[in-house]
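Chemist: Dumping the structure here so I can ask a few things about it.
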Amino acid sequence: MTTKSDYLLRLKIISLGNVNVGKSCLIKRYCEKRFVPKYMATIGIDYGVTRLRIRNYDVRMNIFDFSGHPLFYEVRNEFYRDVQGILLVFDLTNRRSFDTLDYWLCEMKKELNLNNGQKSSIIIFIIGNKNDLKRVVDENEAKLWANVRGYQYFETSGIQINFI
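Going by our numbering, the sequence shown runs without a break in its numbering and finishes at 164.
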């Protein structure tokens with residue numbers, strides 16, 4: 001007899017956002033339980049995996065770390081297929097990274113064919129990163145931006161391990 005604990009669920013999650021907002025750092029912290037202080041730009045796509053136990057299910061979370069550089073758009077667009085979750089990350093210390101969130105939403109909607117205002121089952125989280133540093137993006141402004149679009153908003157820091 002098969003029980004729930006015999007099932008392995010696989011989740012495909014992608015991270016989007018400008019270069020140097022901390023996507024790789026968050027993924028390494030979450031999947032590998034380590035902080036990498038030296039910045040190394042992601043070339044194309046990187047990958048992290050972790051296992052969770054949720055309600056007697058083994059869940060394998062595959063997190064694809066997309067480079068935020070425009071040069072890698074053609075690489076990124078191949079990985080949108082069959083995604084269940086999106087982490088849209090910006091840097092709380094960098095106003096431009098917040099201002100370009102709409103660009104990332106447009107890319108995502110285009111690649112997922114969601115431009116007609118249709119609803120999607122994909123879960124999208126907006127993440128303000130580097131909350132351990134002096135911010136230039138107000139928390140209330142970021143929350144409002146996310147809420148107006150129907151997304152959940154979180155703030156975190158890869159250094160301080162909060163909300164990861």
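The beta carbon of each residue, even a glycine, is placed where N, CA and C say it ideally should be.
1. Between the beta-carbon of residue 92 and the beta-carbon of residue 147, is there less than 8 angstroms?
2. Sort out for me which residues DSSP pairs residue 12 with in a bridge.
3. Count the CB pairs spanning the stretch 10 to 24 and the stretch 77 to 91 that are closer than 8 angstroms, and state whether there are at least three.
4. Rounded to whole angstroms, what is the Cα-Cα separation between residue 95 and residue 63?
5. Could you tell me which whole alpha helix (DSSP H) segments of length 4 or greater appear in the stretch 84 to 138?
6. Using alpha carbons as the reference points, say which of 56, 66, 51 lies closest to residue 23.
7. Short check: CB of residue 88 to CB of residue 54, under 8 angstroms?
8. Going by Cα to Cα distance, which pick from 112, 10, 61, 159 is closest to residue 131?
9. Between residue 150 and residue 122, how many whole angstroms is the CB-CB distance? I'm expecting something under 8 angstroms.
10. How should residue 25 be labelled, buried or exposed, when 16 other C-beta atoms within 10 angstroms of its C-beta is the threshold for buried?
11. For residue 52, I'd like the list of residues in its chain whose CB is within less than 7 angstroms of its CB, leaving aside the five on either flank, ordered along the chain.
Modeler: With the given structure in hand:
1. Position 92 of the sequence shown holds residue 92. Position 147 of the sequence shown holds residue 147. Cβ distance not < 8 angstroms, so residue 92 and residue 147 don't count as in contact.
2. Numbered from its first residue, the sequence shown carries residue 12 at position 12. Bridge partners of residue 12 according to DSSP: 62.
3. The stretch 10 to 24 makes contact with the stretch 77 to 91: 3 or more CB pairs, one atom from each, lie closer than 8 angstroms.
4. As a first step, residue 95 is located in the sequence shown; it is residue number 95 there, counting from the start. As a first step, residue 63 is located in the sequence shown; it is residue number 63 there, counting from the start. Rounded to whole angstroms, the gap between the alpha carbons of residue 95 and residue 63 is 26 angstroms.
5. If you keep only unbroken alpha helix (DSSP H) runs of at least 4 residues inside the stretch 84 to 138, you get 95 to 99, 101 to 111.
6. Your numbering for residue 23 matches position 23 in the sequence shown. Cα-wise, what sits closest to residue 23 is 66.
7. For this step, residue 88 is matched to residue 88 along the sequence shown. For this step, residue 54 is matched to residue 54 along the sequence shown. Not a contact, by the Cβ cut-off of 8 angstroms.
8. As a position in the sequence shown, residue 131 is number 131, starting the count at 1. 159 is the residue among 112, 10, 61, 159 whose C-alpha sits nearest the C-alpha of residue 131.
9. As a first step, residue 150 must be located in the sequence shown, where it is residue number 150. As a first step, residue 122 must be located in the sequence shown, where it is residue number 122. With 8 angstroms as the limit, residue 150 and residue 122 do not qualify as a contact, their Cβ atoms being about 12 angstroms apart.
10. By 1-based counting over the sequence shown, the position of residue 25 is 25. The residue is buried, with at least 16 neighbouring Cβ atoms inside 10 Å.
11. Numbered from 1 along the sequence shown, position 52 holds the residue referred to as residue 52. Here residue 52 has 59, 61 as same chain residues with Cβ atoms under 7 angstroms from its own Cβ, once five neighbours each way along the sequence are excluded.
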